[in-house]
Amino acid sequence: MRQLMAAKRLNLAILASGRGSNFTAISEAISENKLNAQIKVLISDKAEALALEKARDLNIKAIHINLRNYASMADYETELVKRLKEFDIDMVVLAGYMRLVGTTFLQAFQNRIVNIHPSLLPAFKGLNAQKQALDYGVKYSGCTVHLVDEGMDTGPIIMQSVVPIYNDDTEESLTARILEEEHKIYWQSLQFIAAGQLYIRDRQVFILEK
Ligand code: GAR
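Have a look at this one:
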């Protein structure tokens with residue numbers, strides 16, 4: 208069993224493609240001194256991402272990298288890694304980053320990339336996880352924070368939170384209920400890393416008492 212990272216104030220990079228509510232929740236946890244970290248940069252693959260605007264409002268460096276300017280995914284990720292390396296980043300936080308992470312990015316940040324997914328993994332990987340859960344008819348769903356590996360939503364699980372599914376749920380109501388939990392467990396997971404409490408054995412993650 209090995210410690211993921213010794214206790215330290217984390218330098219975070221956030222990658223977001225959209226609205227950025229998870230980014231906001233993490234940034235608030237930092238302001239409230241619940242999370243020992245600083246957000247050094249927010250990077251988006253989408254120029255119109257609200258997350259970029261929110262970062263600028265908070266005086267956090269906000270960068271758009273347009274995939275279309277690169278000949279391949281590997282070239283795009285080479286640029287992404289180059290930009291990230293400028294900021295002495297401990298953890299890269301995918302917060303609604305709607306792209307698969309390729310080998311260039313993964314190898315540069317081995318066990319240093321975390322993601323949040325709106326289902327109880329390994330159920331309902333990929334897009335529209337909330338709709339997948341409703342359509343399947345499960346009675347509980349939730350969200351998962353995990354380390355990113357080469358698979359899609361397959362990496363070692365750090366935390367999960369369960370939410371019930373009700374008869375009258377719509378995709379919107381379930382999404383909102385899950386999102387509330389996302390906003391709690393993402394910063395908590397990061398704080399366990401910052402406190403040096405996260406240990407890994409094979410694909411099992413253990414949160415040990417301080
Ligand atoms: C969140 O629900 C997150 O779990 C999901 O995108 C949303 C982003 O919201 N991520 C994925 O589905 C990744 N596969 P946000 O931009 O408001 O944080």
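For reference, each letter of the sequence shown is one residue, going 208 to 417 in the working numbering. C-beta atoms are modelled at their ideal positions from N, C-alpha and C, and glycine is treated no differently. Bear in mind that the values here come from a model prediction, so they are computed numbers and not experimental data.
Just to confirm, are residue i and residue j a CB contact at a threshold of 7 angstroms?
{"i": "V369", "j": "G349", "result": "yes"}
{"i": "I392", "j": "V352", "result": "yes"}
{"i": "R209", "j": "I407", "result": "yes"}
{"i": "A220", "j": "L313", "result": "no"}
{"i": "K346", "j": "I372", "result": "yes"}
{"i": "G362", "j": "A214", "result": "no"}
{"i": "A256", "j": "R263", "result": "no"}
{"i": "A254", "j": "H390", "result": "no"}
{"i": "A236", "j": "W394", "result": "yes"}
Just curious, the beta strand (DSSP E) that residue i is in, first and last residue?
{"i": "N218", "result": "217-222"}
Please work out which residues of its chain come closer than 7 angstroms, Cβ to Cβ, to residue i, disregarding the five sequence neighbours upstream and downstream, and give them in chain order.
{"i": "I385", "result": "P325, Q337, S348, G349, C350, V370"}
{"i": "I364", "result": "L328, T351, H353, V412"}
{"i": "D376", "result": "L341"}
{"i": "L415", "result": "Q404, Y406"}
Does at least one heavy atom of ligand 1 sit under 6 angstroms from the Cβ of residue i?
{"i": "S396", "result": "no"}
{"i": "S326", "result": "no"}
{"i": "N374", "result": "no"}
{"i": "N335", "result": "no"}
{"i": "N318", "result": "no"}
{"i": "Q365", "result": "One detail in the question is off: residue 365 reads as Ile in this sequence, not Gln. The answer is no for I365."}
Residue i and residue j look like a contact to me (Cβ under 8 angstroms); what is the Cβ gap, rounded to whole Å?
{"i": "I272", "j": "D295", "result": "Not a contact, Cβ separation roughly 19 angstroms."}
Check for me: the alpha helix (DSSP H) holding residue i runs from which residue to which?
{"i": "M280", "result": "280-292"}
{"i": "A262", "result": "257-264"}
{"i": "N229", "result": "228-238"}
Near residue i, what residues of its chain come up, given a Cβ to Cβ distance below 6 angstroms and the 5 sequence neighbours on each side ignored?
{"i": "S238", "result": "none"}
{"i": "L194", "result": "Coverage of the chain is limited to positions 208 through 417, which leaves residue 194 absent and any answer about it impossible."}
{"i": "Q398", "result": "L242"}
{"i": "L222", "result": "I250, L301, Y304"}
Grab me the residues of residue i's own chain with a C-beta within less than 8 angstroms of its C-beta, minus the 5 sequence neighbours each way, in chain order.
{"i": "Q367", "result": "L327, L328, G349, C350, T351, V352, I392"}
{"i": "E286", "result": "I272, Y277"}
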